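Student: Below you'll find the structure I mean.
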Amino acid sequence: WCEAMDQERRRGAALLRLLHLLWLLPYSRTAPEGPTPAWRDELQNHTFQHTMYCQNWNPSIGLSEAYDGDQLFSFDFSQNTRVPRLPEFADWAQKPGDTSTIFFDKTFCQSMIQEIGPHLEGQIPVSRGFPIVDVFT
C-alpha cells in the first residue's frame, strides 16, 4: 500500500514539472479553444482536426488534418508542404497559412521528447498503440 502511494506521489511530482510548460499551449493550434454546441439553429457544427505527433521511432514526426473525420491533408516535413489526400484539394494545399504554427508545434513536440522526456522516463504514463487503417474505394 505504501509503495503504491509512493509511486503515485512520484507521478504527481513528474506532472507538476510539466506545468511550467502550459504557457506554450496558446501558441499551438492543437489546443482546443473551448466547447461548441452540437446543434444551433438547425445547423450542424463540423470538426477540423489538426493532429501532430512526434516520437523516437519512424516516422519521427507527422501531421494530419481532417474534416469531420475524413483526412484532407498530411504534411511532408522534408518538402515543407501539405500533401492533399485527393486531387481536388491540391489548390487549397498550396495556400500558405499556418506554416509557422506547424513549425512551432514541430519544435515544441521534439523539445518535449529530447529535453524533457529523458528526465521523466518511467515516471509518467506512456501511450502506446497500433493505428487502425480504414481502406475504402
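For the sequence shown, the residue numbers in mature numbering (1 follows the signal peptide of the UniProt record, and there is no 0) are -30 to -1, 1 to 107. Beta carbons are placed, not taken as given, at the ideal position from N, Cα and C, and that holds for glycine. Source: prediction; values computed, not measured.
1. Look at residue 46 and residue 16 and say whether their C-beta atoms are less than 8 Å apart.
2. Tell me, to the nearest whole angstrom, how far the beta carbon of residue 63 is from that of residue 43; I am working on the premise that it is less than 8 Å.
3. With a cut-off of 8 Å on the beta carbons, I'd call residue 159 and residue 94 a contact; round off their distance for me.
4. Can you give the Cα-Cα distance for residue 54 and residue 36, rounded to whole angstroms?
5. Can you name, in chain order, every residue of its own chain whose Cβ lies under 8 Å from the Cβ of residue 69, other than the five neighbours on each side?
6. CA-CA distance, residue 32 and residue 85?
Tutor: This is what the structure gives:
1. no
2. In this structure, residue 63 and residue 43 form a Cβ contact; the two beta carbons are roughly 6 Å apart against a cut-off of 8 Å.
3. The first residue shown for the chain is -30 and the last is 107, placing residue 159 beyond what the model contains.
4. 11 Å
5. 50
6. 19 Å
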